[in-house]
Amino acid sequence: MLVYTVPSTALGRHVWDSPGSFGSGDCVEDGAARMEILMTISKIASICTMGANASALEKEIGPEQFPVNEHYFGLVNFGNTCYCNSVLQALYFCRPFREKVLAYKSQPRKKESLLTCLADLFHSIATQKKKVGVIPPKKFITRLRKENELFDNYMQQDAHEFLNYLLNTVADILQEERKQEKQNGLPNGCIDSENNNSPPDPTWVHEIFQGTLTNETRCLTCETISSKDEDFLDLSVDVEQNTSITHCLRGFSNTETLCSEYKYYCEECRSKQEAHKRMKVKKLPMILALHLKRFKYMDQLHRYTKLSYRVVFPLELRLFNTSGDATNPDRIGPNRGHYIAIVKSHDFWLLFDDDIVEKIDAQAIEEFYGLTSDISKNSESGYILFYQSRD
Ligand SMILES: [Zn+2]
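Per this note's numbering: the sequence shown = residues 377 to 767.
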């Protein structure tokens, strides 16, 4: 059985030397940003957590050490819903996100949406009398299945796809509510024609997760560089065997040559020309959600296969050079398996495996890097990493 784990975050450090093939040379426009790992969602091969129970966790942490106002609750699995549970745990332990969701809960009652269900769930965890335990996220799952047919079944789903769906849905709900409030504030019959064409204001989802990529194209004939910005809520990077996140991100910024049938129309030359194209990160988000593309469509096999490649992820990522394959993430592959979340909360590392919560050592994170050889199919590998910006 495969398990996906969500490692929540680790703290680590990594320096990025960008290849500097063109432009400013640095892939990240604003220089040395530092990000520390907040958590990861990992995919694991087998569940080996046995008999851990909530009170044991409380005992292990100890009454003096247990963070004030913190609650470590497992989530009941409603039939292959670990993809959802792992993402919910990761988001709960994204402090800025949790705070905004809880603040939303305290606003006047709105009609039920995925966001109100999420707010109810977070509120329910945050206001538990006990410090540890298990909660059934039933209302949230029911709502999710009602809203999106993709998740309306008992099959394993892709955690990244779910994360992306959830963040976009929450942002849409917030923007829609803001629009309604604006319209309600206008005199009767007055149509707000002015603002109809302006892009919606960023919401707190954007403030937390949105970064910007710059897509640069350099015409090889006239050397003119044109650039186009593109926003993202998460970054998907290709993975290779025995590499690091740093390496994968560098691959993201690799220069690609546009030639033959893919030539680029240059406005200067007014004709199709060969060009170099590359992406770089223009603005890093407060929290970077990095998705490792571990599902790959194999032409020979006519199916998706999972790449258990060992990709080392640092606890702290320093600067960051990304670009490359920003096209849409691949459709989901084999969704067997299991997801868990590994979260750093205060100074503890916790593993959330549905209804089980365990304290783990920081070194145990290394078990989620992946495999050095492809022989064994049993693997535990980081799938979505969350890095939080420092300073
Ligand atoms: Zn040109």
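All residues carry an ideal CB built from backbone N, CA and C; glycine is no exception.
By the beta-carbon neighbour count (other beta carbons within 10 angstroms, threshold 16), residue 658 is buried. For residue 560, the enclosing alpha helix (DSSP H) stretches over residues 535-561. Inside the region 578-628, DSSP marks whole alpha helix (DSSP H) runs of 4 or more residues at positions 580-585, 621-628, from first to last along the chain.
Under DSSP, residue 642 takes part in a beta bridge, and its partners are 647. As a beta-bridge residue in DSSP terms, residue 508 pairs with 448. Just so you know, the alpha carbons of residue 742 and residue 688 end up roughly 8 Å apart. For residue 734, the enclosing beta strand (DSSP E) begins and ends at 732-736. Taking the Cα positions, residue 598 is about 36 Å away from residue 668.
Of the heavy atoms belonging to ligand 1, none sits nearer than 8 Å to the Cβ of residue 633. Taking 8 Å as the cut-off, the C-beta of residue 592 does not count as close to any heavy atom of ligand 1. Separation of residue 637 and residue 541 (C-alpha to C-alpha, rounded to the nearest whole angstrom) is 34 Å. Residues whose Cβ lies closer than 6 Å to any heavy atom of ligand 1, listed in chain order: 595, 597, 598, 600, 642, 644, 645, 649. Of the residues 453, 459, 468, 454, the one whose Cα lies closest to the Cα of residue 446 is 468. In the three-state DSSP reduction, residue 489 falls in the coil class, being neither helix nor strand. The continuous stretches of alpha helix (DSSP H) do not include residue 680, which lies in the beta strand (DSSP E) extending over residues 679-682.
In the three-state DSSP reduction, residue 739 falls in the helix class (H, G or I). Between the region 450-466 and the region 505-518 there are three or more C-beta pairs closer than 8 Å, enough to call the two in contact. Three or more Cβ pairs closer than 8 Å define a contact, and the region 670-679 falls short of that threshold against the region 618-630. Following the DSSP letters along the chain, one finds residue 473 inside the alpha helix (DSSP H) bounded by residues 471-481. Residue 735 has its alpha-carbon roughly 8 Å from the corresponding atom of residue 436.
Closest option to residue 653, judged by alpha-carbon separation, among 629, 476, 643: 629.
Contact check between the region 549-563 and the region 573-587: three or more CB pairs, one atom from each, fall below 8 Å, which counts as touching. Rounded to the nearest whole angstrom, the CA to CA distance from residue 719 to residue 438 is 18 Å. With at least 16 other beta carbons inside 10 angstroms of its own, residue 661 counts as buried.
Residue 520 has no beta-bridge partner at all, per DSSP.
Distance from the Cα of residue 765 is smallest, within the candidate group 678, 685, 666, for 666. A distance below 6 Å between beta-carbons, with the five flanking residues on each side excluded, links residue 463 to the following residues of its chain, in chain order: 535, 538, 539.
Distances from the CA of residue 733 to each of 532, 418, 432, 416 were compared; the closest alpha carbon is that of 432.
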